[in-house]
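Residue numbers (the numbering used here): 84 to 141. Data block below; observations after.
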Amino acid sequence: MPDERESAASPEQHLTDIRERGSFVSAHCRCGWRGPARRARARAQADATAHEPPARAL
Ligand SMILES: [Zn+2]
């Protein structure tokens with residue numbers, strides 16, 4: 084499986100994804116941030132959304 088760590092995206096950019104671990108899900112960001120483990124995927128997604136700056140919406 085290829086690793087996408089060599090992406091051309093800026094390291095300053097926050098890019099989150101949701102990872103499942105056992106019965107918990109947590110948000111991870113390429114900046115190193117990691118959200119708390121949640122029982123609901125929607126909660127982890129909310130953590131990720133709250134972490135990412137809403138710059139693109141402006
Ligand atoms: Zn981040």
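Cβ coordinates follow ideal geometry from the N, Cα and C atoms, glycine included.
Requested in this report: Please name the residue, chosen from T132, A131, S109 and A129, that lies closest to R121 on a Cα-to-Cα basis.
Outcome: S109
Query raised in the report: Cα separation between W116 and F107?
Result: 17 Å
Query raised in the report: E103 bridges to which residues according to DSSP?
Result: V108
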